[in-house]
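Trainee:
Numbering (this note's numbering), first residue to last: 2 to 170.
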């Protein structure tokens with residue numbers, strides 16, 4: 002309804018106008034071809050482009066693809082860009098802990114470790130959030146529940162021996 006008529010009607014009969022809307026849809030279809038088809042300058046080869054489009058045609062019906070005005074292929078994120086995503090996610094954690102009266106500190110090597118270990122070139126940056134939840138948020142939460150981490154404490158994170166270390170003081 003949105004792509005065809007430019008409107009959407011919900012179960013209560015209310016209509017929303019989508020005529021002047023840009024809709025962005027994402028997919029990881031063909032991501033392996035993109036990873037293999039990037040040159041040193043970060044440009045996507047024509048062969049990779051063709052392979053991705055071929056995969057799109059095998060996964061989606063022609064009726065759907067004909068309603069899409071443009072397909073944009075994105076190159077994989079650089080380590081610097083991934084680290085930027087990590088910083089944003091950690092700022093959110095820091096803000097939530099500050100709401101509990103807890104300081105949060107993390108050194109640069111730990112941020113880079115999270116970027117390297119939590120990023121998946123096939124799935125993009127999404128696994129970073131899961132990695133942070135499993136390796137930081139869950140252990141920190143357990144310490145809060147156990148009463149080891151309370152208002153006024155500081156959580157400090159660094160990396161050694163290829164793992165994250167969480168210290169409380």
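No residue lacks a Cβ here, since even glycine has one placed at the ideal position from N, Cα and C. Here the structure is a predicted model, which means the values were calculated and not measured.
Report yes if the CB atom of residue 4 is closer than 7 Å to the CB atom of residue 68, and no otherwise.
Mentor: What you label residue 4 is simply residue 3 of the chain shown in a count that begins at 1. What you label residue 68 is simply residue 67 of the chain shown in a count that begins at 1. Yes, Cβ-Cβ distance for residue 4 and residue 68 is below 7 Å.
Trainee: Which partner residues does residue 125 have in the DSSP bridge list?
Mentor: In the chain shown, residue 125 corresponds to position 124, counting from 1. DSSP output for residue 125 lists 121 as bridge partner(s).
Trainee: Is the number of C-beta pairs between the stretch 103–120 and the stretch 133–150 that are closer than 8 Å three or more?
Mentor: Result yes; three or more Cβ-Cβ pairs closer than 8 Å.
Trainee: With DSSP as the reference, please indicate the residues paired to residue 106 in a beta bridge.
Mentor: As a first step, residue 106 must be located in the chain shown, where it is residue number 105. 157, per the DSSP bridge assignment.
Trainee: Please report how far the alpha carbon of residue 154 lies from the alpha carbon of residue 141, in whole angstroms.
Mentor: Taking the first residue of the chain shown as 1, we reach residue 154 at position 153. Taking the first residue of the chain shown as 1, we reach residue 141 at position 140. Distance between the alpha carbons of residue 154 and residue 141 is about 12 Å.
Trainee: How long is the line joining the alpha carbons of residue 9 and residue 33, rounded to whole angstroms?
Mentor: On the chain shown, residue 9 is found 8 positions in, with the first residue counted as 1. On the chain shown, residue 33 is found 32 positions in, with the first residue counted as 1. Residue 9 and residue 33: Cα-Cα distance of roughly 34 Å.
Trainee: Comparing C-alpha positions only, which one of 48, 13, 7, 91 sits nearest to residue 112?
Mentor: As a first step, residue 112 must be located in the chain shown, where it is residue number 111. It is 91.
Trainee: Taking the CB atoms as reference points, tell me whether residue 150 and residue 144 lie closer together than 7 Å.
Mentor: The residue you call residue 150 lines up with position 149 of the chain shown. The residue you call residue 144 lines up with position 143 of the chain shown. Yes.
Trainee: Identify whether residue 83 lies in helix, strand or coil by the three-state DSSP scheme.
Mentor: Here residue 83 corresponds to residue number 82 of the chain shown, with the count starting at 1. Reduced to three states, the DSSP call for residue 83 is helix.
Trainee: Would you check if the distance between the CB atom of residue 76 and the CB atom of residue 103 is smaller than 7 Å?
Mentor: Residue numbering aside, residue 76 sits at position 75 when the chain shown is read from its first letter. Residue numbering aside, residue 103 sits at position 102 when the chain shown is read from its first letter. Cβ atoms of residue 76 and residue 103: not closer than 7 Å.
Trainee: Relative to the alpha-carbon of residue 28, which residue among 127, 166, 43 has its alpha-carbon at the smallest distance?
Mentor: What you label residue 28 is simply residue 27 of the chain shown in a count that begins at 1. Selected option, being the one with the closest Cα: 127.
Trainee: Which residues in the same chain have their Cβ closer than 6 Å to the Cβ of residue 2, if we skip the five residues on either side of it in sequence?
Mentor: Working through the chain shown from its first residue, we reach residue 2 at position 1. 9, listed in sequence order.
Trainee: Using the Cα positions of residue 46 and residue 57, report the straight-line distance between them to the nearest angstrom.
Mentor: Sequence index remark: in the chain shown, residue 46 carries index 45 (1-based). Sequence index remark: in the chain shown, residue 57 carries index 56 (1-based). Answer to the nearest angstrom: the Cα atoms are 17 Å apart.
Trainee: In angstroms with no decimal places, state the Cα-to-Cα distance between residue 54 and residue 83.
Mentor: Position 53 of the chain shown, counted from the start, is the residue given in the question as residue 54. Position 82 of the chain shown, counted from the start, is the residue given in the question as residue 83. Looking at the two C-alpha atoms, the distance is approximately 26 Å.
Trainee: Under the assumption that residue 156 contacts residue 166 (Cβ atoms under 8 Å), give the Cβ distance between them as a whole number of angstroms.
Mentor: As a first step, residue 156 must be located in the chain shown, where it is residue number 155. As a first step, residue 166 must be located in the chain shown, where it is residue number 165. So it is not a contact: roughly 11 Å between Cβ atoms.
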